[in-house]
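Colleague: Protein chains in written order, with this note's numbering: chain A, 483 to 1152; chain B, 6 to 626.
Here a beta-carbon is modelled for each residue, glycine too, at the ideal position from N, C-alpha and C.
All values derive from a computational prediction rather than experimental measurement.
1) Tell me which same chain residues have a C-beta within less than 6 Å of the C-beta of residue 374/B, skipping the five on either side of it?
2) Return the bridge partner residues of residue 857/A from the DSSP annotation.
3) At the 8 Å Cβ level, is residue 610/A part of the contact set with chain B, yes or no?
4) Going by DSSP, what residue range makes up the beta strand (DSSP E) through residue 303/B?
5) Check whether the Cβ atoms of residue 803/A and residue 894/A sit closer than 8 Å, and answer yes or no.
6) Any C-beta of chain A sitting closer than 8 Å to the C-beta of residue 326/B?
7) Give the straight-line distance between the Cα atoms of residue 355/B and residue 13/B, rounded to the nearest whole angstrom.
8) Mapping DSSP to helix, strand and coil, what is residue 801/A?
9) Per DSSP, what kind of secondary structure is residue 67/B in: helix, strand or coil?
10) For residue 746/A, which three-state DSSP category applies?
11) With a floor of 4 residues, list each alpha helix (DSSP H) that falls wholly inside the region 1080–1136 of chain A, ordered by position along the chain.
12) Please say whether residue 139/B and residue 133/B have beta carbons closer to each other than 8 Å?
13) Can you tell me where the alpha helix (DSSP H) holding residue 840/A begins and where it ends?
14) Under 7 Å Cβ-Cβ, which residues of chain A neighbour residue 484/B?
15) What does a CB cutoff of less than 7 Å around residue 1121/A pick up in its chain, not counting 5 residues either side in sequence?
16) Within 10 angstroms of the Cβ of residue 425/B, are there 16 or more other Cβ atoms? Answer buried if so, exposed if not.
17) Short of 7 Å in beta carbon distance, which residues of its chain neighbour residue 740/A, apart from the five on each side in sequence? Order them along the chain.
18) Name the DSSP beta bridge partners of residue 944/A, please?
19) Taking buried to mean at least 16 other C-beta atoms within 10 Å of its own C-beta, is residue 208/B buried or exposed?
20) For residue 437/B, name the three-state secondary structure that DSSP assigns.
21) By alpha-carbon positions, which one of 1128/A, 1099/A, 1089/A ends up nearest to residue 1136/A?
22) In the DSSP assignment, what are the bridge partners of residue 1036/A?
23) From the DSSP output, in three-state form, read off residue 61/B for me.
24) With 16 as the cutoff for other CB atoms within 10 Å, does residue 783/A come out buried or exposed?
25) Of the residues that make up the region 516–543 of chain B, which ones have a beta carbon closer than 8 Å to any beta carbon in chain A?
26) Tell me the DSSP secondary structure of residue 1044/A in three-state form.
27) Compare the C-beta of residue 493/B with all C-beta atoms of chain A and state if any pair is closer than 8 Å.
28) Would you call the CB atoms of residue 867/A and residue 687/A closer than 8 Å?
29) Report the residues of the region 531–545 of chain A with a CB closer than 9 Å to any CB of chain B, ordered along the chain.
30) If contact means a Cβ-Cβ distance below 8 Å, which residues of the region 570–599 of chain A contact chain B?
31) So, does the CB of residue 487/B fall closer than 8 Å to a CB anywhere in chain A?
32) Give the secondary structure of residue 605/A by DSSP, where H, G and I count as helix, E and B as strand, and everything else as coil.
33) Alpha carbon to alpha carbon, how far is residue 160/B from residue 62/B? Give it in angstroms, no decimals.
34) Compute the Euclidean distance between the alpha carbons of residue 967/A and residue 357/B, then round it to the nearest angstrom.
35) Quick check on residue 5/B: does DSSP put it in helix, strand or coil?
36) Does DSSP put residue 119/B in a helix, a strand or coil?
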C-alpha cells in the first residue's frame, strides 16, 4: 500500500483513481462542481486544486495518486483562488437565490457559503437568455448555468445521446441543444439524468405541484394517487432517512393528509403488466416472431427506440407501462366504482422519473370516455416534488402514523415491487412465464442471474422446457452498445429488459439528490428486501388482479386488454427543423422532391442520392421544374433511405435507385 | 516514381543542374508580397522573359538561360513586393508592375542595377543593392529560414538541390531511432511554440510510451495577432517541415502524422498539399520510404479558426472532430494523445530545425544561441518600428539589436516605449529591458515569454492601458469558455480595462486586476488562460504610473484614450480672439489677444464650451 502526505498527515491509498479521491478519503471534502466519479474527468471548475510540493497548484481530479506526494489542501493561495472562482461564478449567475427552485440544494450556494464569499465585486449578469420551458419534464435556465458540463457528459457518456453540448466561445459560451433549439424539439428522452447532476438551478424538474394542489382544492375533483415502486425507498432521503429505507406508510399518510381520496400502488399495475407482457412474450416465443421482445415500461427507452431504432418498434412489447395501465383502468373502472365522472377523477402519479411526465402527455393516452376527452394520467410528480409538497403543507413526515394503501389497487406482489430495479421486470416475467406456460405452479421465485449492477447482464433460463435467453440492460449508452452487437449478430436473445436510467427506476431523474452509485445501491437493496418480505411474490398470485380480470378485462391479451392496456409506437423525428431548399423554380408547375438526410437515411447513403439527384436534375435541365430539398426525417426510418416525390414517400432510395427516381419525377412532370 | 537512395541522388543532381542557370529571378510569393501584387509581377516577368527568348526550356541546358521562380517569404515584408536577382543577390524592393520591363532590360539582359528599386535606408539615406548588405539582414541569422526566399517552394527538385532530405537519409540509414533522439537531446533544441520544453525529452517520452499507432502532429495553428513565422515557413519551405516530421516519426516509431494548419492560411495549405503529393509520388512519404522499411503517412487538417486550438490538447480534440477545448493534463499527449495514443506535437519551427540538426550535427547547432537556449528564433516584428517583417536571430540577441539594428529604430525617430513580446500570452518589456538577451529563461524572468515570437514595438504615443485592453479583448474572445477562471475572469478583467480607458476607472480597479490576473494565471486549465493575464500583469508592473494617471488623474499620458483626451488649442489656427477664454466657466484658458491661447489642463473640466465657442475650429478634444 502506498502513502502520501496530505496536510502533514500520512494517508494510505490503493486504487483511487485520482488525488481528489485520496484527499476525500482522508476526510477533507474538497469542493468540486465538475467532478463526478461516474463521468469522465473534465477539469473545468478548478475548485479541487491543491498544492503539491514541487509541482505547484494542480487540479487534484486529474492527477494520479503517487507514492510520496506532499499535498496541501487549504493554503491561503488555494483558499483565495476558490473564493475568487466562486465570486466569478456568482457574478455571472442569475442570483435570484431566494426564489430559486434549487435554493437550499444548490451546490454553488452551498460552496459560496462554505468558502465564506461575502461579496461579489464584479458586477452582474447583463444578458438574460430565454428560459426553455418547452419540455414537459425539464426546465432549462441558461442564466443559472455555470458550464460545469456535468449534464453534457451524463447525457453523452451515460445515456449515449448527447442532447446538450457547448456552443459559442469565451464568455458567450453556453450549454445548449443542437442549433439552439428547445429541449422539446430535439432528441431528449426526458430521463432527467442531467437534472440529477446539475449543481445549480439551471436544470430542474418541471413542476406540477401547483396543478396538483389546485386539483386537491377543487371540490368537484376526486384526486387519487399511484405510487411507483422506486419512490418508497427514496422519499425518506428528503427527510433525513437513509437511501433504501422504506417509507411507504408515511407517504400514504401524508398524501391522505393533503387530501388525496385514495392512494394506490403502481406495483399493482406492474403485476398487471407482468401478466399481459408474459402472455405476449409466450405467444411470440411460440410463434417465433417479433423476437427478441423488448420491455416497454420505460418511457425514456420507448422514445429512444422511436427516434433511433424504428426497425425495432415491432419488437417492443405493446404493453403500456404500469403508470399508463393504472391510469387507463382507474379512469374506466375505478371512476365507476367510486361513482365519479371520469373527467372528475384526477389521477396523480408519484414517480421516480421525469420521462413519465412526457409519457402521460402522449396523445394516445388521452381518449374519449363516454364522449369526454380524458387523459389517463393527469399529473406526474417526481419523488422530489412530492417531498416539496409535504414540506409546503407542513407535515412532519418522519413522525406521521403510517397508513396503508387503499383497495382495490393497493395490494401487489413482490414481483411488481422489484420493477423499480434494473432486472426487476425480467425477473417478474420469469416468475410468471413458466407457470403461465404450463399452468402448473413452480417453486422458483428468485432469479438472481438477472440481478446485479453491471450495465449489461445476460442469463439463460428454462421456461417450460424452452431455453429462454435474456438480457438486462440499463443506461442508454449500454443499450446503444447492446443493440449494436445485436444488429451485428454477435449476440442473440429472446427477451431484453431495458431501463434508461442507471440502476433502473431507483436511479431515475426524479429521485432525490445525490442520485449516485451509493444511493442507488442502497435503494436497490431496499426494494429487494421489500420483495422478500411480501407474502405474495408472483404477479399471477395477486388476488386483486384476478378480480380485475374476472370483473372487467376477462383475460390477458384479450380484446378489452388490448384496447386498454396495450399501445402502438411510431417513428419519431429527432429534431424539429425546416427543410433546406437546394433547387427552386419560379412559379411553373413543378415537382417537389425531398431527400431525407436524417441519420438512418444518411447512413443508408441518402447524401449520395441527393448529390446524384441534384446532378441529374441539373444535367437534364430540370432545375426550373423540380424543387429539391434536403430534409430531416420523412418518418419512414424503417424503409430508409427515403425520398419524397410529390406526396409519395419512396423507401429504399439508395444511390443506385436514382434512375428510377428520375423516371418518377419526369412522370410527374408530364 | 518511387525513389530509392541512388535514384534520389540522381534527382538531387538534376535539381542542382537545374539551378545552374546564368541568372535567376525570384519573386517573393509570401502572403504579404502576394497581397501587394507580386503574382502579377511574376506573370509579367515570365511573359517578358519568354517573349524575348531569354528562357531556355530544357532544364539541362539552363546554364544559358534565365529562370523565373516564385519564392517563399524574405521577411522584409515592409518593403514588398520583393524581387531578387541571382546569383548577384540584388534585392529590389517595392516593385510595381510597371517596373518589370526596366528590370528585364537592365538587370536580366544587362548587368545594370535599377537604382531606384534598391533599398534606401530611411534614416541614413544610404542605399544597398545586395540583400545581405541591408542592415535588416545583417544582424540576422537566417537558419530555419535559410531556404525561405531562396527556393521555389513548389519545386521538390530545388529543395533536394539545396540538401533537402539528406538528413532523412542519414537518419534512416545511418542512425537508430535512439540515436536521433540522442542527437536532438544533445542539441538542446527547445520547443519553438512558446513553452520551450526540450524537444528531445518530449520525443523520449513518446518513444517509451506504450500504444500503437503513434502519431506526430505539427502545430501550425499560429494565431497570435501579427505573428506569421510559421506561415512563412510552411509557405516558403514546406519540404523541410515534412522532412522534420519524418525524422521525428522515425525517432518515436510513429506511422501517421497530421499538420494542423489554421484555415486562414490557404496558401500554406496549398503549398503543403503540393509538397505532400510530390513527396508521396517520389516515395518520400508513404510505405517503405526510400527502401528503408520505414513507413509514414501525413495528412493536413485545417483548423476552423480558434486560437485555443494552438493549445495541444485542444488541437488534438479538434483533429478528433470534437469541439476545440483543452483537456486536463495529465495524461500528457506523449502518453495519451490523438485517439488516446502516444503523440508528439511540435511547432512548425521546431520541426524545421530538426533536419539541420541531424544533417550538421548537434554541435553545429549548439554554436548558435546561448547555452540553455541554443539555436535561433524567428520573430514577426511589427508595430511602430521602421522595418517590419519576419526576422531570425540567434537566441540571446538583445532586444536593442532587434529593435534598432534590424528593425531600424522607431518610425519617425520617436522614443521607444515598450515591446509586447509573445503576443497575447506574452508580456510587455520596457526600455530597461533593451539589453535583455532574447532567450527562453531571460524572458520568463522578466515576466514575458518568447511565445511563438510575435513582437509588437510601441512608441511614446501608444497607450499602454489600451494595449493591455486590446490583448485582453483578444484572449477573452478566444477563450474556449471551458474553465471558470479563464472564461469569467478574463471577461471581468476586460470590463475593468474598458472602464479605465473610458475614464471610469477607480484606483481599486488596479488591485482587482492584479488579484484577478494572479488567480487566472494560477488556476486556469490550459496555457491560454494561464498566460492571458500576462499583458496586464506586466504592464501593471512596469507602467503602473500610466494606469494611475488614467484612474486617478483621468488622463491618458499617451493621448490615445479618447474619453480621457483633454481639450487643446491648435496655435496655428488660433487667432487670439479670446472668445474661448471668456466662455470658459472655470477660467482655465488664458492668453494675450492676437496670440494663441492655452488651456490649463489641470483646471479644465472638459465641458467642451470652448470648442463650441471657437469661430476658427482651433480647439480639438
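Modeller: According to the structure data:
1) Against the second chain, residue 374/B aligns to sequence position 369. Taken in chain order, the residues that qualify are 380, 399, 400, 401.
2) Sequence index remark: in the first chain, residue 857/A carries index 375 (1-based). Its beta-bridge partners are 848/A.
3) On the first chain, residue 610/A is found 128 positions in, with the first residue counted as 1. Not closer than 8 Å to any Cβ of chain B, the Cβ of residue 610/A fails to qualify, so no.
4) Taking the second chain and counting its residues from 1, one reaches residue 303/B at position 298. 302–307 is the span of the beta strand (DSSP E), which, as asked, contains residue 303/B.
5) Along the first chain, read from residue 1 onward, the residue named residue 803/A stands at position 321. Along the first chain, read from residue 1 onward, the residue named residue 894/A stands at position 412. No.
6) Counting from 1 along the second chain, the entry for residue 326/B is found at position 321. It does not; no Cβ of chain A falls within 8 Å.
7) Within the second chain, residue 355/B is the residue found at index 350, counting from 1. Within the second chain, residue 13/B is the residue found at index 8, counting from 1. Each residue's alpha carbon lies about 26 Å from the other.
8) For this step, residue 801/A is matched to residue 319 along the first chain. DSSP places residue 801/A in strand when its eight states are reduced to three.
9) Within the second chain, the letter at position 62 stands for residue 67/B. For residue 67/B, the predicted structure reports a pLDDT of 43, less than 50, and the residue's modelled location is therefore unreliable. The matter cannot be settled from this model.
10) The residue you call residue 746/A lines up with position 264 of the first chain. Looking at residue 746/A - three-state DSSP - the assignment turns out to be strand.
11) 1081–1085, 1088–1101
12) Looking up residue 133/B in the second chain gives position 128. Looking up residue 139/B in the second chain gives position 134. Closer than 8 Å, so yes.
13) In the first chain, residue 840/A corresponds to position 358, counting from 1. From DSSP, the alpha helix (DSSP H) with residue 840/A extends over 837–842.
14) Reading the second chain from its first residue, position 479 is the one you call residue 484/B. Correct list: 651, 652.
15) Indexing the first chain from 1 puts residue 1121/A at position 639. Only 1133, 1134 meet the Cβ criterion.
16) Within the second chain, the letter at position 420 stands for residue 425/B. Buried is the call here.
17) Your numbering for residue 740/A matches position 258 in the first chain. Around residue 740/A: 698, 871, 875.
18) As a working note, residue 944/A is residue 462 in the first chain. Residue 944/A pairs with 949/A.
19) The residue labelled residue 208/B in the question sits at position 203 within the second chain. Buried.
20) Position 432 of the second chain, counting from 1, holds the residue named residue 437/B. Residue state, collapsed to three classes: helix.
21) Here residue 1136/A refers to the residue found at position 654 when the first chain is read from its first residue. For the residues 1128/A, 1099/A, 1089/A, the minimum Cα distance to residue 1136/A belongs to 1089/A.
22) Counting from one through the first chain, the residue named residue 1036/A turns up at place 554. Residue 1036/A is not bridged to any residue.
23) Residue mapping note: residue 61/B aligns to position 56 of the second chain, counting from 1. For residue 61/B, the predicted model reports a pLDDT of 48, less than 50, meaning its position is unreliable; a value from the coordinates is still stated below. The answer is coil: DSSP assigns residue 61/B none of H, G, I, E or B.
24) The sequence position of residue 783/A within the first chain is 301, counting from 1. It is buried - the Cβ of residue 783/A has at least 16 other Cβ atoms within 10 Å.
25) 517, 520, 521, 524, 527, 528, 529, 530
26) As a working note, residue 1044/A is residue 562 in the first chain. DSSP places residue 1044/A in helix when its eight states are reduced to three.
27) Locating residue 493/B in the second chain gives position 488, counting from the first residue. Chain A contact via Cβ: present.
28) On the first chain, residue 867/A is found 385 positions in, with the first residue counted as 1. On the first chain, residue 687/A is found 205 positions in, with the first residue counted as 1. Yes, they are a contact pair.
29) 531, 538, 539, 541, 543, 544, 545
30) 570, 571, 573, 574
31) Residue 487/B sits at position 482 when you count from the first residue of the second chain. Taking Cβ atoms only, chain A reaches closer than 8 Å to residue 487/B, which makes this a yes.
32) Numbered from its first residue, the first chain carries residue 605/A at position 123. Residue state, collapsed to three classes: coil.
33) Position 57 of the second chain, counting from 1, holds the residue named residue 62/B. Position 155 of the second chain, counting from 1, holds the residue named residue 160/B. Annotation note: pLDDT 42 at residue 62/B (below 50); position unreliable, no value reported.
34) Looking up residue 967/A in the first chain gives position 485. Looking up residue 357/B in the second chain gives position 352. Cα to Cα, the separation comes out at about 47 Å.
35) The requested residue 5/B is not part of the displayed model; chain B covers only 6 to 626.
36) Within the second chain, numbered from 1, the residue matching residue 119/B stands at position 114. In this structure, residue 119/B counts as coil in the three-state DSSP scheme.
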